[in-house]
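Protein chains in written order, with the numbering used here: chain A, 1 to 247; chain B, 248 to 594.
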């Protein structure tokens, strides 16, 4: 563990430099410990924390506190976090319509992997992924790990427009694009469930530490779900089951 | 209620406040104005809460028209203004409030050395989205329909009481000095000679400079080795300076990504971030390193200086009166006779 300088209004507690569920568990434990301390009125001047794959960034107001004060207060929390048990988050089973217009890279991924498109869908949808972090775009989940057979570098030519809802893979990660955006990942399919809604109490559907599986659905079923969700007749929570127990 | 009509948004104009906090963990950047000091000065000039939403303008060219009644505005920034009335046109310097009668126009015709101006509008209220009215266009949050302002947009505002206009008695002077940074978090990904080059060579602001960030061009900053060109993504903040494989730095600003996979060589300190955002394409930027503790001291000193400035906001002398004190301090500071107020209104 080391503390890295991120200007005069943030510091980064770095636990390692790899994508690894064990590192993420330590990040989450520290995140929870800081949240508890703040709820108890400690750590004045802290604005927010940002958990990532392997580090936790603490953002603060340099007019209200100082790095030296904060570092002293964080020391104990970091030690405690290293020994904290961690719950395994919520479990989601999200519908996914693979291939066709929704997954324009499915055939290329299958070729590169030496598999049939059906085998790619099977490999992608039977794996349970952990949400390592959110970032890049509001609500964008970085999830892993993608089965070794499907691990490919990013496309050499990023698309200027990836449609919202696109399910994509790159290297060991998979994601769902909440927004239209440029993107260099391989598009396998589409998910109709909106990942971000500023009017919800928790605007992002997924949170770091959640587990996600995909359930293949037909185009007709996708269209039906999409229409029902847009009309507000379906609650995205229906694809969620309660948190699991500490493992 | 009256309304402010956007006749032209210029290069870019959007509604911004101080930004939304607390959502970076789900990928939502702060957004908010690139120039918080200008926001606080403009709002104080116009009689709003200092952190109220206002219109952030890039590079001049904006035109605003009062509709269905009077509208009071105030402009902070290195801008020249034109007030178009039934009688004709008068030129004004910024850093003052101004009331447009129904049908009158204010033009932000020129920004001087800086790119940014903030136009505060008396009684402008916008709904909060995730705690802020700031526009973040990528996710359609805040502002007006989550987007930049367009020709024909109308913002409803409160009609002002006929109270005196206010101005800032001593105008800020542009600071062309180097931009101060704290090295890290991934300075160790760069060859020592590149750190030296980063802190000694000038970099040019390219045309790719907006609310997300500023791409700079200069001597390529070489990573320690090929493996050091990328990191497993970690968090970024406004001011963080990413260096992708081509060695050309990108300074992230208010709309910048919350996390990224490029090593960050340094972070611009809080006190200097707006100074960097103000720089125009083609201008040179130099960086100098300071410690975290020194940067914190500078942030506090900058806040004290701003408080002193806000205390220097006073009513403008009435029509026909010349405020010699203001005239003297303005000309002394700006070094030019700016020919403000050709109708003799208030120095």
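Backbone N, C-alpha and C fix where the C-beta goes; we use that ideal spot for every residue, glycine too.
Considering only beta carbons, the part of the stretch 178–193 of chain A lying closer than 7 Å to chain B consists of 179, in chain order. DSSP places residue 327 of chain B in the uninterrupted beta strand (DSSP E) bounded by 326–332. When the alpha-carbon of residue 494 of chain B is set against those of B/250, B/388 and B/468, the nearest one is in B/468. Between the stretch 466–486 of chain B and the stretch 435–447 of chain B there are three or more inter-stretch CB-CB distances shorter than 8 Å, so the stretches are counted as touching. Two segments are said to touch when three or more pairs of C-beta atoms, one from each, lie closer than 8 Å; by this definition the stretch 346–357 of chain B touches the stretch 303–314 of chain B. Taking the C-beta atoms as reference points, residue 54 of chain A is found nearer than 9 Å to residue 23 of chain A. For residue 432 of chain B, the residues of chain A that pass the 7 Å Cβ criterion are 4, 5, 6 and 12, in the order they occur in the chain. For the stretch 48–59 of chain A, residues whose beta-carbon sits nearer than 9 Å to a beta-carbon of chain B comprise 48, 49, 50, 51, 52, 53, 54, 55, 56, 57 and 59. Straight-line spacing of the CA atoms in residue 172 of chain A and residue 166 of chain A works out to 17 Å.
At a cut-off of 9 Å between beta-carbon atoms, residue 176 of chain A makes no contact with chain B.
Contact between residue 379 of chain B and residue 266 of chain B holds: their C-beta atoms lie close to 6 Å from each other, under 8 Å.
For residue 151 of chain A, no beta strand (DSSP E) segment is defined, and its DSSP state is neither H nor E. Contact annotation, residue 480 of chain B with residue 507 of chain B: C-beta distance approximately 6 Å; criterion of less than 8 Å satisfied. Rounded to the nearest angstrom, the gap between the Cα atoms of residue 5 of chain A and residue 539 of chain B is 8 Å. Inter-residue distance for residue 286 of chain B and residue 418 of chain B is about 15 Å (C-alpha atoms, whole angstroms). Residue contact with chain B for residue 17 of chain A: present (Cβ-Cβ distance below 9 Å to some residue of chain B).
Here residue 166 of chain A is bridged, per DSSP, to A/190.
At the C-beta level, residue 91 of chain A and residue 210 of chain A come within 9 Å of one another. In terms of beta-carbon proximity, residue 400 of chain B stays away from the interface with chain A, with every pair separated by 9 Å or more. Spanning the alpha carbons of residue 164 of chain A and residue 206 of chain A requires a straight line of approximately 16 Å. Minimum Cα-Cα distance from residue 273 of chain B among the listed residues A/135, A/150, A/186 and A/104 corresponds to A/135.
Residue-level contact by beta carbon holds for residue 481 of chain B and chain A, with a gap shorter than 9 Å.
Secondary structure of residue 75 of chain A (DSSP, three-state): helix. Non-local C-beta neighbours of residue 382 of chain B in its own chain, meaning closer than 8 Å and more than five positions away in sequence, comprise 261, 262, 263, 278, 388, 389, 390, 391, 393, 394 and 395, ordered along the chain. In this structure, residue 65 of chain A and residue 482 of chain B do not form a Cβ contact; the two beta carbons are roughly 18 Å apart against a cut-off of 8 Å. Excluding the 5 residues flanking it on each side, residue 189 of chain A has same chain C-beta neighbours closer than 6 Å at 96, 97, 98, 102, 103 and 167, in chain order. According to DSSP, residue 470 of chain B shares a beta bridge with B/437. For residue 455 of chain B, not one C-beta of chain A is nearer than 9 Å to its own C-beta.
Annotation for residue 525 of chain B: 361, 362 and 363 place their beta carbon closer than 6 Å to its own, counting only its chain and skipping 5 residues before and after. For residue 477 of chain B, the CB contacts under 6 Å within the same chain, skipping 5 residues up- and downstream, are 508 in chain order. At a Cβ-Cβ threshold of 9 Å, residue 322 of chain B and residue 345 of chain B count as neighbours. The shortest CA-to-CA distance from residue 197 of chain A to any of A/143, A/179, A/144 and A/25 is the one to A/179. Closest by C-alpha distance to residue 562 of chain B, out of B/531, B/416 and B/339, is B/416. Exposure of residue 421 of chain B is indicated by the presence of fewer than 16 other C-beta atoms within 10 angstroms of its C-beta. DSSP lists B/302 as the beta-bridge partner residues of residue 262 of chain B.
For the stretch 486–569 of chain B, the continuous beta strand (DSSP E) assignments of 3+ residues that do not extend past its boundaries occur at 487–489, 497–499, 511–515, 534–536 and 560–562, in sequence order.
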